[in-house]
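Written below as structure tokens is the structure these notes are about.
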Amino acid sequence: MATPSAHEYPTHWEADVVLRDGGTAQVRPIVPDDADRLVAFFDRVSDESKYLRFFAPHPRLSAKDVHRFTHHDYVDRVGLAAVVGDAFIATVRYDRIEPAADGAPQAEVAFLVQDDQQGRGVASALLEHIAACARERGVRRFVADVLPANSRMMKVFTDAGYTQKRSFEDGVVRLEFELEPTERSLAVMHGREQRAEARSVQRLLAPRSVAVIGVGRRPGGVGRTVLANLLAAGFTGRLYAVNHAYPAGQDRIGPEDVPARRSVRDIEEPVDLAVVAVPAARVPDVVDDCGEQGVQGLVVLSSGYAEAGAAGRARQRELVRQARGHGMRVIGPNAFGVLNTAPPVRLNATLAPEPAGTGRVGVFTQSGAIGIALLSGLHRRPGAALAGVSTFVSAGNRADVSGNDLLQYWHDDGATDVVLMYLESLGNPRKFTRLARRTSAVKPVVVVKGARHSASTPPGHAVPGTSVPADTVGALLRQAGVVAVDTVTELVDTGLLLAAQPLPAGPRVAIVGNSDSLGLLAYDACRAAGLRPLPPRDLTAAAAPEDFRAAVAGALASDGCDAVLVTAIPWVADPDVPALAAVPGPQDAGALADALRTAAAGATKPVAVVHLEIEGLPDALAAPPDGIPTYPAGERAARALAQAVRYAQWRRRAAEPGRVPEYDDLDPAGAAADIAGLVGAGAPAHAEGMPLDVPEQAAARVLGRYGITVLPALPAPDPDAAAAAAARLGYPVALKTTAVHLRHRPDLGGVRLDLAGEEQLRLAHAELTGTLGNAAELQPVVQAMAPRGVDTVVRATVDPGVGAVLSFGLSGAPSELLGDLAHRLVPATDRDAAGLIRAIRGAPLLFGWRGAQPVDTAALEELLLRLSIFVDEHPEVVSAELSPVVVAPHGVSVLSAALRLAPPPPRIDLGARRMPSY
């Protein structure tokens, strides 16, 4: 068997993983220097586990065993270890064996897990990673021989979701399974990832004991503030104040009367969560103390990390490495804290002066300032009973725990109905959109994205930047089901409506109120927000609460509306006016609230109230159960309702998701070989950090592997060459320049169309070169005429900040000048493609505008899907552009293609699960 040459140590195989119980471990290749670790690990494994691994008593490792298990070529022999601290807790290895009878490259795989680590999901995580390594090295099948008594290991293989076969011979079960990911194996991996990451967050948000490290001896300061907030919230667990400066023998701190210790190591019982409020220089010692004490997680409030420059970034990386080495997760650094209002926990480990009350809204923010604003705003907002929080995390630099982890937790959290997030960056955009899409299918995820227009990474966030416009980012988030809003005010307005009211079935809004002017303003606001308001119903200033009740109840019962917007102004009782004699005064806002709540009780349509200075109405309407949100202005209520309508529409579409079609004529292997050759040839450009611009003919060949035919264009450096090219292609033809400054610019005269014969062609060539420059500069080509249709542009771009994006628009001014482009994430489904071409403002041109013949949108959608699949399957693609694409009544014609390639970055989001590293 031919043996590939040995590779250097594959650093990209190193990964931190979250285990089933929420703890962490590092997975990395085993190296010769691990000999002592391997021997110590083997000594900790029971004789029974050794027997199940080696099929015979194997009490100790021989020198030959140690050499074999620590020396690998990372091609035919690969060994990985799961490491906590400096110790191995499990190992896995594969050894390449002879190809199978069908020629498939295969390898034998075997595990060994320390007995006290079994049941934590270590073997499952190692299987994911060793399978990814094997696939990278060309292995397509694993073979495992397992004793029948080793039921745990057989379950690991069986539950992985790969296609497998099982046989039994000579008392041994042989399992064979393909390593190509299947829909089931990916679902299994994502499910394990979700449960593990959710559990790791739960350990941070529901600790049984908390140590605040850095509690000063005098009032004030960060540590003392957190301790005071924990006590004020009534934390149900055990609290400890820690400060190395406490005098020897001091065991309590006053006036709080909390147990005090000089080090977390001095605490006699387990500590689940440590809140770290010490200078950055002291944090490494604190982390080691916490690791040795068995602390499960850290909230690091200390600053001086990545937000402070290069030295701080290095300090932040070391913090994460150190904490994960001890199996701990980190919120922060530069964090604002965490909050859990659940009665069995009552955790307020934040610096918030006014925490929100108990409720069903989960909040995540990457900014302490925004965290303060959100919590204080929710606390002070009129009708605060609706604005209660279930859990809150302000992650600061979010070097470890991120919004992705909280989405995993909130997905199954029965105490959270709505998720509010303030994000300044997306560390793993593919994973975020995947998780957001799944969570949005069961509960709303409302996001405001900061730093949208700065085109830079916020200080402290070690993530890729993005060149994608803010509107595009919002469109992509909405595609994943995210309710994307523009401001923190809109974040709260929308979140509270979604938390308190049912989803609307459509955009029709009934407007009911006692002020004609306020009703008209609400009507205009609804129209501006994209809703379909009905004419306002004016109850007049004489309306009593019963009039409101009857009008709202009637609107809710009507089949003609999907939501009700109530507008109300104060009224004044006047005994001298019969119509106003019985009207309650302003102090009786409770009567109006009761009337509205009675009308809305049990309704399946949302109700929102806009009021002007009716004191006490928001609180009366917000009282549980079945609270109704209130707004001080019609435009705020209208925007919230419009977001709810769009989210409800997405939920209905998500119930019947699209699919990525399978085409029989694709040649991914051929395309991969072509791309490998092109990338190899472009090595000098890559060394300078520049992508390779692929020549058009080569680009056409690669795209042709995916059924994307580019209309041939032949060089025409002189009239004779042009005539020969036209004779080969057949008349009529087009003559056009391909110079960069004239490309796709017919307005500059660089294109001559419908040339019916050689005489016209020669004349056009002379005019072109005589007017615009010599042929060497213009690089003219001859191309057969395509059927008439609508000129469009199709692009796919891989952006480091948001992932691969498929874009569509009309060619020329509509897309380039007016920005009329629509976007979808790759891989796009058939529903995505259909929605993409209908999302641009110029879409009517495709569907027979002003009596024109509709064009072949089905063929256009297929082209979009083929390009999406191509980009998704080949990570070397930096960008691909088809322009123009002429969409005719029958078929599409791609007239030009541009392709840019570069060596592929690691696609860690599509392989074995791992925690982010920066």
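When the count follows my numbering, it moves up by one through the sequence shown with no breaks and lands on 932 for the last residue.
From the three backbone atoms N, C-alpha and C, an ideal C-beta is built for every residue, glycine too.
From a predicted model like this one, the values you see are computed outputs, not experimental measurements.
Return the first residue and the last residue of the beta strand (DSSP E) that residue i is part of.
i: residue 42; result: 38-43
i: residue 105; result: 101-111
i: residue 582; result: 577-582
i: residue 122; result: 120-127
i: residue 178; result: 178-183
i: residue 253; result: 252-256
i: residue 373; result: 372-379
i: residue 836; result: 835-839
i: residue 553; result: That residue, residue 553, is in no beta strand (DSSP E); it is neither H nor E in DSSP.
i: residue 806; result: 804-813
Please classify residue i as buried or exposed, where buried requires at least 16 other C-beta atoms within 10 Å of its C-beta.
i: residue 21; result: exposed
i: residue 463; result: buried
i: residue 75; result: buried
i: residue 32; result: buried
i: residue 799; result: buried
i: residue 182; result: exposed
i: residue 450; result: buried
i: residue 673; result: exposed
i: residue 127; result: buried
i: residue 340; result: buried
i: residue 23; result: exposed
i: residue 206; result: buried
i: residue 688; result: buried
i: residue 125; result: buried
i: residue 881; result: buried
i: residue 933; result: With the chain represented from 15 up to 932, any question about residue 933 goes unanswered, as that position is not in the structure.
i: residue 221; result: buried
Could you check what DSSP says for residue i in three-state terms: helix, strand or coil?
i: residue 934; result: Outside the shown range of the chain (15 to 932) lies residue 934, about which nothing can therefore be said.
i: residue 918; result: coil
i: residue 992; result: Residue 992 lies beyond the stretch modelled for the chain, which goes from 15 to 932, so this question has no answer here.
i: residue 46; result: helix
i: residue 820; result: strand
i: residue 898; result: strand
i: residue 797; result: strand
i: residue 677; result: coil
i: residue 929; result: coil
i: residue 625; result: strand
i: residue 661; result: helix
i: residue 786; result: helix
i: residue 642; result: coil
i: residue 192; result: strand
i: residue 156; result: strand
i: residue 488; result: helix
i: residue 600; result: Reliability fails at residue 600, whose pLDDT of 48 lies under 50, so the model's placement of it is uncertain and the value that follows must be treated cautiously. Note: residue 600 maps to helix in three-state DSSP.
How far does the alpha helix (DSSP H) with residue i in it reach, from first residue to last?
i: residue 268; result: No alpha helix (DSSP H) holds residue 268; DSSP gives it neither H nor E.
i: residue 6; result: Because the chain in this structure spans residues 15 to 932, residue 6 falls outside the shown range and cannot be described.
i: residue 854; result: No alpha helix (DSSP H) contains residue 854, which DSSP labels as neither H nor E.
i: residue 827; result: 827-830
i: residue 199; result: 197-219
i: residue 539; result: 530-542
i: residue 635; result: 631-636
Against chain C, with Cβ distances strictly below 9 Å, would residue i count as a contact?
i: residue 361; result: Within the model displayed, chain C is absent; a lone protein chain is all it includes.
* May I ask you to verify whether the segment 349-359 touches the segment 231-239, counting CB pairs closer than 8 Å and requiring at least 3? => no
* 3-residue-minimum beta strand (DSSP E) runs that sit fully inside the segment 699-773, ordered along the chain -> 706-708, 727-729, 747-751, 765-769
* Can you find at least 3 beta carbon pairs, one from the segment 491-501 and one from the segment 441-460, that sit closer than 8 Å? -> yes
* Could you say if the segment 290-299 and the segment 311-324 meet the contact criterion of at least three C-beta pairs nearer than 8 Å? => With the cut-off at 8 Å, the segment 290-299 and the segment 311-324 touch.
* Along the chain, which unbroken stretches of the beta strand (DSSP E) at least 3 residues long are found entirely within the segment 271-355? -> 272-275, 287-290, 311-314, 343-345, 351-354
* the segment 676-696 touching the segment 525-544, judged by at least three CB pairs closer than 8 Å -> no
* To do: Would you check if there are 3 or more beta carbon pairs closer than 8 Å linking the segment 637-649 to the segment 389-400?
  => yes
* To do: Enumerate, from N- to C-terminal direction, the unbroken alpha helix (DSSP H) stretches of 4 or more residues contained entirely within the segment 66-100.
  => Look at the segment 66-100 and you find these whole runs of alpha helix (DSSP H), each 4 residues long or longer: 77-84.
* **Contact between the segment 185-201 and the segment 92-99 (3+ Cβ pairs under 8 Å)** => no
* Cβ pair count under 8 Å reaching 3, the segment 375-382 against the segment 263-271 -> no
* To do: Please confirm if the segment 61-71 is in contact with the segment 102-118, defined as three or more CB-CB distances below 8 Å between the two stretches.
  => no
* Should the segment 76-84 be called in touch with the segment 52-62, which here means at least 3 C-beta pairs below 8 Å? -> yes
* Any contact of the segment 746-754 with the segment 779-793, i.e. 3+ C-beta pairs under 8 Å? -> yes
* Within the segment 390-439, ranges of the beta strand (DSSP E) (whole runs, at least 3 residues) -> 403-408, 432-437
* Three or more C-beta pairs below 8 Å linking the segment 859-870 and the segment 766-786 -> no
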